[in-house]
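Report on the structure given below.
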Amino acid sequence: MKKKIGLFFGTFNPIHIGHLILANHLYQYSELDEVWLVVTPHNPLKKKSSLLNNHHRFEMVWRLCEDFPGLKPSDIEFNLPQPNYTMYTLTHLEEKYPDYDFSLIMGEDNLKSFPKWKNYEIILERHNIIVYPRFSEGQVDEIFKDHPKITHIDAPRIEISSTFIRQAIKEGKDVRALLPAPVWEYIDEMNFYR
Ligand SMILES: Nc1ncnc2c1ncn2[C@@H]1O[C@H](COP(=O)(O)OP(=O)(O)OP(=O)(O)O)[C@@H](O)[C@H]1O
Ligand SMILES: O=C(O)c1ccc[n+]([C@@H]2O[C@H](COP(=O)([O-])O)[C@@H](O)[C@H]2O)c1
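Quick note: the sequence shown uses full-length UniProt numbering, first residue 1, plus one each step.
The structure is reproduced here in structure tokens:
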């Protein structure tokens, strides 16, 4: 049987408790053998300006994963062409790890913009997608509601974002409740986002 890997892609600028609670929930309550936190250098739908260096974002994910054996940091996209189209990353992963079965983990917000992704129909043909609830504007496309490759799961909702945290740090707020301790320690030590 192939090992089941759930891919949780993100910019992770920085990774926060919303990401962690979700990734850990999936590892504990789904059939996934591992959840990989894939640090994306450049999301094709986001501006790259004011983004912390890839290696620092990866370092924070790596430090966090040390405490959680089911979660693995991944820098697989660092050496792939940018911006990072998920379709190409998946093709690369399948070639590199033929014994693994890769599913995508996605918030409901991302499912709404999924039709804008490059070759999304091919991604859907080849991979299962696990969708978790998130508050956002707009409707999920009807074709995704009962799609055989899409599983909707329940999970805790922690509605914070990296943008909120970066702004809070800039304003001198205490953000320790929003960040896993190893992540906050690294940010503080390196003086990021101030
Ligand atoms: N609080 C949260 N709970 C669960 N999933 C989240 C949360 N915040 C973001 N995500 C999801 O995690 C993935 C990576 O998120 P990303 O790195 O873009 O974080 P973000 O907090 O949305 O960042 P930013 O505010 O910089 O846009 C995306 O699929 C995003 O939808
Ligand atoms: O492949 C695409 O066309 C595509 C378009 C938008 C986003 N993605 C990927 O989706 C992941 C999550 O995006 P984000 O902005 O919510 O962190 C990230 O890895 C992006 O590269 C991928």
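The C-beta atom is built at its ideal place from N, Cα and C for all residues, glycine as well. The model shown is predicted, which means the values in this text are computed figures rather than measured ones.
Secondary structure of K145 (DSSP, three-state): helix. In this structure, I153 is the residue among I153, L64 and S74 with its C-alpha nearest to the C-alpha of E31. The three-state reading of DSSP puts M1 in coil, since its state is none of H, G, I, E or B. For R176, the CB contacts under 6 angstroms within the same chain, skipping 5 residues up- and downstream, are W184 in chain order. In this structure, DSSP gives L104 an extended state, which the three-state scheme calls strand. In chain order, the residues that have a beta carbon nearer than 6 angstroms to some heavy atom of ligand 2 are F9, G10, T11, T40, N43, P44, L45, K46, N84, Y85, T86, M87, N110, W117 and K118.
For Y27 against L71, the beta-carbon gap comes to about 6 angstroms, under 8 angstroms, which counts as contact.
For S103, the number of other beta carbons within 10 angstroms of its own is at least 16, and it is reported as buried.
Take K149, set aside five residues on each side of it, and the residues of its chain with a beta-carbon closer than 8 angstroms to its own are L124, E125, H127, N128 and I129, in chain order. Assignment of K72 by DSSP, reduced to helix, strand and coil, places it in the strand class.
Here DSSP, grouped into helix, strand and coil, assigns H152 to strand. For W36, the uninterrupted beta strand (DSSP E) run begins and ends at E34 to V39, by DSSP.
If you draw a 10 Å sphere on the C-beta of E59, you find 16 or more other C-beta atoms in it, and that means buried.
For Y27, the enclosing alpha helix (DSSP H) covers residues I17 to Y29.
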